[in-house]
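First comes the structure, then the notes that go with it.
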Amino acid sequence: MGRRLAYPDVPPATIYEIYKQSLRKPIHAYGIFVDPIALYNRLRGRPESPDACIMKDQGLFLSDMQEKILSIMPNELSIAQVPTPKQYRHPWSADGGWLIILGTGFDKTPHVPISDELMQRVREILQSEEPAAWWSMRKFTYPHPKVWLA
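Its first residue numbered -12, the sequence shown is counted upward by one per residue in my numbering.
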């Protein structure tokens, strides 16, 4: 996870073209926002044992969820840390959340078709029907093609 975005599965020439365009055009990602604390509260709740440390349990749960999501995604850059938007903020929510990126593109047009199957598998893991949406990725960039293709 970081400030880099993964390229779609396309030929090298297309990767170079996407990179060149990304230097001029704003990048958008189509994805599902996840508030990790809300996810924990919804799926797990408090540990059964009164002796259990909630913070440790949250950490283990969220790490396990990330592993499950990454196991079906094409790249570890498919989960980005982003600030929590106003519409998702709650008193217990964190300052940031996960954006599970299903695809990227310019002008809210994906570089390649977005897989309905992948979206459904992510929703099954999250046990949610949260809709995917387009997100501006102003602070994110694609890596240089020479690095990506090395």
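Where is the CB? At the ideal position from N, CA and C, for every residue including glycine.
Beta-bridge partners of residue 88, as assigned by DSSP: 18
Can you pull the DSSP bridge partners for residue 128? -9
Relative to the C-alpha of residue 86, which residue among 98, 93, 99 and 113 is closest? 113
Going by CA-CA distance only, name the one from 12, 124, 98 and 89 that's closest to residue 70. 124
Out of 28, 91 and 40, point me to the one whose CA is closest to residue 77's CA. 28
Residue ranges of each alpha helix (DSSP H) run of no fewer than 4 residues wholly in the segment 22 to 72, ordered along the chain? 23 to 30 and 41 to 59
Could you tell me if residue 96 is buried or exposed, where buried requires 16 or more neighbouring beta carbons within 10 angstroms of its beta carbon? exposed
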